[in-house]
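Chemist: First the structure, which I've put down as structure tokens, then a few questions once you've had a look.
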Amino acid sequence: MVVAVAITLTAGCGDDGDDNNSNNTVNNGADAGNNDGGTNDGGTNDGGTNTNDCTTYEELAEDVETAVTLDGCYDVTSSVTVSAEGHLTILPGSVLRFAEDTGLNVRGKMTAEGTADSGILFTGSESTAGWWRGIRFGDTTSSDNKLVYVTIDGAGSDNPFSDVEPSNLGLGYWNGETKITLTNSTIRNSAAWGVYARDNSNFTAFENNTITGNANGAVMAGAHVIGDLDDASDYSGNTNDIIEIPGGDLTEAATWKAVNVPYFISDNLKVTGDGADLVVEPGATFQFEEQVGLEVVSDATLNAVGTADAPITFEGSEDSAGWWRGIRYANTTSSSNELTHVVIDGGGSDNSFNDVEASNLGMGYWNGETRVTLKNSTIRNSGAWGVYARDNTNFTAFENNTITGNTNGAMMAGAHVIGDLDDVSDYSGNTEDIIEIPGGDLTEAATWKGVNVPYFISDNLKVTGDGADLVVEPGATFQFDERVGLEVVSDATLNAVGTADNPITFEGSESTAGWWRGIRFANTTSSSNELTHVVVDGGGSDNSFDDVEASNVGLGYWNGATSISITNTELTNSGGVALFVRDNASLTECSGLNISASDIGGGGAAAAVTACGL
Numbered sequence: 001m002v003v004a005v006a007i008t009l010t011a012g013c014g015d016d017g018d019d020n021n022s023n024n025t026v027n028n029g030a031d032a033g034n035n036d037g038g039t040n041d042g043g044t045n046d047g048g049t050n051t052n053d054c055t056t057y058e059e060l061a062e063d064v065e066t067a068v069t070l071d072g073c074y075d076v077t078s079s080v081t082v083s084a085e086g087h088l089t090i091l092p093g094s095v096l097r098f099a100e101d102t103g104l105n106v107r108g109k110m111t112a113e114g115t116a117d118s119g120i121l122f123t124g125s126e127s128t129a130g131w132w133r134g135i136r137f138g139d140t141t142s143s144d145n146k147l148v149y150v151t152i153d154g155a156g157s158d159n160p161f162s163d164v165e166p167s168n169l170g171l172g173y174w175n176g177e178t179k180i181t182l183t184n185s186t187i188r189n190s191a192a193w194g195v196y197a198r199d200n201s202n203f204t205a206f207e208n209n210t211i212t213g214n215a216n217g218a219v220m221a222g223a224h225v226i227g228d229l230d231d232a233s234d235y236s237g238n239t240n241d242i243i244e245i246p247g248g249d250l251t252e253a254a255t256w257k258a259v260n261v262p263y264f265i266s267d268n269l270k271v272t273g274d275g276a277d278l279v280v281e282p283g284a285t286f287q288f289e290e291q292v293g294l295e296v297v298s299d300a301t302l303n304a305v306g307t308a309d310a311p312i313t314f315e316g317s318e319d320s321a322g323w324w325r326g327i328r329y330a331n332t333t334s335s336s337n338e339l340t341h342v343v344i345d346g347g348g349s350d351n352s353f354n355d356v357e358a359s360n361l362g363m364g365y366w367n368g369e370t371r372v373t374l375k376n377s378t379i380r381n382s383g384a385w386g387v388y389a390r391d392n393t394n395f396t397a398f399e400n401n402t403i404t405g406n407t408n409g410a411m412m413a414g415a416h417v418i419g420d421l422d423d424v425s426d427y428s429g430n431t432e433d434i435i436e437i438p439g440g441d442l443t444e445a446a447t448w449k450g451v452n453v454p455y456f457i458s459d460n461l462k463v464t465g466d467g468a469d470l471v472v473e474p475g476a477t478f479q480f481d482e483r484v485g486l487e488v489v490s491d492a493t494l495n496a497v498g499t500a501d502n503p504i505t506f507e508g509s510e511s512t513a514g515w516w517r518g519i520r521f522a523n524t525t526s527s528s529n530e531l532t533h534v535v536v537d538g539g540g541s542d543n544s545f546d547d548v549e550a551s552n553v554g555l556g557y558w559n560g561a562t563s564i565s566i567t568n569t570e571l572t573n574s575g576g577v578a579l580f581v582r583d584n585a586s587l588t589e590c591s592g593l594n595i596s597a598s599d600i601g602g603g604g605a606a607a608a609v610t611a612c613g614l
């Protein structure tokens, strides 16, 4: 039988009531018989070996309002609160066995320090998951709050303490900070969470714990708590092997470890503000709920650098293209923004972030610069774009990436971003194998590589202004949408020099004569203007550029000189003439064209025919 003894907990001496020399110590009774069948008599304690056989239990039912020490075995018959003035100390080898729907609520201090040879056990009076409420620390930050070599077993009833979810161990209170140490302990068999920690709580230390057998998962913790978790602890063996982060804002520096279960992001997560520098270590996996994503904004940083053997993965909680929103960087230019050996899979939901299109990785905001390094990474299976980069963004480095399996295409990027891309990365294997440039003005020097998919120009593109010197490398292909074209104006230059084996192609997105506008040079006379081993096909739409007629290549403007070199170039399937030359435009060099004299129009046609030897 169980001996029920009402215990009066008396205060020790001293102002805080926690003088160890004067504490009341409650000892195990000596005369009790064996436990009735079906009850929990302690058993093995994985948070340290339990050396107390617990043949006798004393009743514990009163709140702790002073300094109290427990040493032995106790039946907790009603929920106990350690008040703000109380300090409960539990000695190694002790067992606290809780009646149904009871628990321990710590608002003051609790120190439960077992040893490897003599742990402390908190368990239910019956071995049923969810039998009791669990232990909650709330609104207490004392360094005396310690759980060391402790086992908490079978709690997480559906009657939790206020402000925490059902769990074996709950931390937090709505308006006050909470801090505890949890080391070398086992948190097991909860009917809900193993550990629940509100975002205004923290672990002073969290080391070498085992959190297993819990129904909801190992841990649910706010974003500010996740950095306290260690990668030596074991979070596996739960019904759902996850650590859940319920969204919210991370506003301080943190390092998130590669634990042995995924982090599950159940609502939108934002890293925000100067100093909010998030580092993710190699091997970490993040799984996002439907229509949920990650933002890094307002001078915050995300540094996720994996390795070839231990990449960092961001994916949906279900394996479906467009399941989650993706990752967005905005208004952050730090060199710490880096994604290396990262996999981003299944983002690009139709719930895109403001000012970026749906994508696995989105960059930019309407009024601020954004810069990110992307290297050795795989961006795949987006419901829309693999990568979307506004024209006020840049890649600090972009190397050796694979962007594949995405619905809209590999990438949509502004003209100022295209020069950051490398020709070693693989942009193929998407539903639409393109890199889209949504038109606009290029106003700075850039080199555009011969990547392994076409650049698709969806609106008029202009290279404009002194210093806007565009170099196109051999093998590049540009496909233009209907009635769209390319202009090089106002002292800008276009240098497109291919080779006989690797020409540069400008063509329509459909193989129809006159589909697109063509290329026009105006008010630019630099010797860098050159088309060599180039194919211009299907231009000369009825939407011709000002002051030139419909043509594949048009030269001139009413009030300024224009000149280019054009050699070994094919001008085919124009809806107008192949080459149009105004009387104030000229060819500095012309040879190896596939046209006749009748294919050249304009006031400068006669001089052009002579220059080209036609």
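Under UniProt numbering, the first residue of the sequence shown is numbered 1, with each subsequent residue one higher. Cβ coordinates follow ideal geometry from the N, Cα and C atoms, glycine included.
1) What's the C-alpha gap between N168 and A413?
2) Could you name the residues that DSSP lists as bridge partners for V225?
3) Can you round the beta-carbon distance between G47 and Y149 to whole angstroms, since I take them to be within the 8 Å contact cut?
4) Determine, using beta carbons only, whether S157 and W193 come nearer to each other than 8 Å.
5) Apart from the five residues just before and just after T572, which ones in its own chain have a Cβ nearer than 6 Å to its Cβ?
6) Can you tell me where the alpha helix (DSSP H) with T512 in it begins and where it stops?
7) Along the chain, which unbroken stretches of the alpha helix (DSSP H) at least 4 residues long are found entirely within the segment 187-251?
8) In angstroms, rounded to a whole number, what distance separates the CA positions of D459 and E177?
9) So for residue 618, helix, strand or coil by DSSP?
10) Judging by CA-CA distance, which residue of H341, N495, E318 and E244 is the nearest neighbour of A310?
11) Taking only the alpha-carbon atoms, compute the straight-line gap between S425 and I403 and give it to the nearest angstrom.
12) Using only CA atoms, which one of G514, P454 and S528 lies nearest to G467?
13) Starting from T77, trace the alpha helix (DSSP H) both ways and give me its first and last residue.
14) Contact criterion: CB-CB distance below 8 Å. Does G604 meet it with respect to chain D?
15) Which residue's Cα is closest to the Cα of S574: C612, G613, N559 and S511?
16) Contact defined as beta carbons within less than 8 Å: I believe G237 pairs with T212. What is the distance between those atoms, to the nearest angstrom?
17) So, with DSSP's three-state summary, where would you put D599?
18) So V305 is in the beta strand (DSSP E); what residue range does that whole segment cover?
19) Using the C-alpha atoms, what's the distance from D199 back to V225?
20) Among residues of its own chain, excluding the 5 on either side of A611, which ones have a beta-carbon nearer than 7 Å to its beta-carbon?
21) Measure how close the beta-carbons of F580 and G601 come, nearest whole angstrom, since I'm counting them as under 8 Å.
22) Kindly indicate which residue of N523, E59 and T181 has the alpha-carbon position closest to the one of T493.
23) Assign H533 to one of three DSSP states: helix, strand, or coil.
24) Whole angstroms are fine: how far does the CA of L339 sit from the CA of A397?
25) Quick one: is A330 buried, meaning 16 or more other Cβ sit within 10 Å of its Cβ, or exposed?
26) Output the distance between the C-alpha atoms of A61 and S143, rounded to the nearest integer angstrom.
27) So what does DSSP say about A476, is it helix, strand or coil?
28) How would you write the range of the alpha helix (DSSP H) that V356 sits in, first residue to last?
29) In the DSSP assignment, find the alpha helix (DSSP H) that holds H416 and state where it starts and stops.
30) Below 8 Å, can you find three or more Cβ-Cβ pairs linking the segment 562-569 to the segment 538-546?
31) Roughly how many whole angstroms lie between the Cα atoms of A32 and T55?
32) For I418, which residues of its own chain have a beta-carbon under 8 Å away from its beta-carbon, when the five flanking residues on both sides are left out?
33) For E444, which residues of its own chain have a beta-carbon under 7 Å away from its beta-carbon, when the five flanking residues on both sides are left out?
34) Between which two residues does the alpha helix (DSSP H) containing A561 stretch?
35) For T569 and L531, what's the separation of their Cα atoms in angstroms?
36) Who are L442's beta bridge partners in DSSP?
Modeler: The structure says:
1) 49 Å
2) None; V225 has no bridge partner.
3) 5 Å
4) no
5) Apart from the 5 residues on each side of it in sequence, T572 sits with its Cβ closer than 6 Å to the Cβ of D537 in its chain, given in chain order.
6) Looking at the DSSP string, T512 is not in any alpha helix (DSSP H), and its letter there is neither H nor E.
7) 223-226
8) Looking at the backbone, the Cα of D459 and that of E177 are separated by about 54 Å.
9) Residue 618 is absent from the structure shown; the chain starts at 1 and stops at 614.
10) H341
11) 8 Å
12) S528
13) It is not in any alpha helix (DSSP H) - T77 carries neither H nor E in the DSSP assignment.
14) Considering every chain present, this structure includes no chain D. It has just one protein chain.
15) S511
16) 4 Å
17) Correct three-state label for D599: helix.
18) T301 to V305
19) About 6 Å.
20) Once the five neighbours on either side are set aside, the close Cβ partners of A611 are L587 and C590.
21) Yes, they are in contact, since the Cβ atoms of F580 and G601 sit about 5 Å apart, within 8 Å.
22) The option with the nearest alpha carbon to T493 is N523.
23) coil
24) 10 Å
25) buried
26) 26 Å
27) coil
28) Counting along the chain, V356 falls outside any alpha helix (DSSP H), and DSSP gives it neither H nor E.
29) A415 to I418
30) Flag = no, the segment 562-569 and the segment 538-546 do not touch.
31) Low per-residue confidence applies at A32: pLDDT is 31, beneath 50, and the placement is therefore not dependable enough to give any value.
32) I435, I437, A446, W448 and Y455
33) H416, G467 and A468
34) A561 -> no alpha helix (DSSP H), and no H or E assigned at all.
35) 7 Å
36) V463
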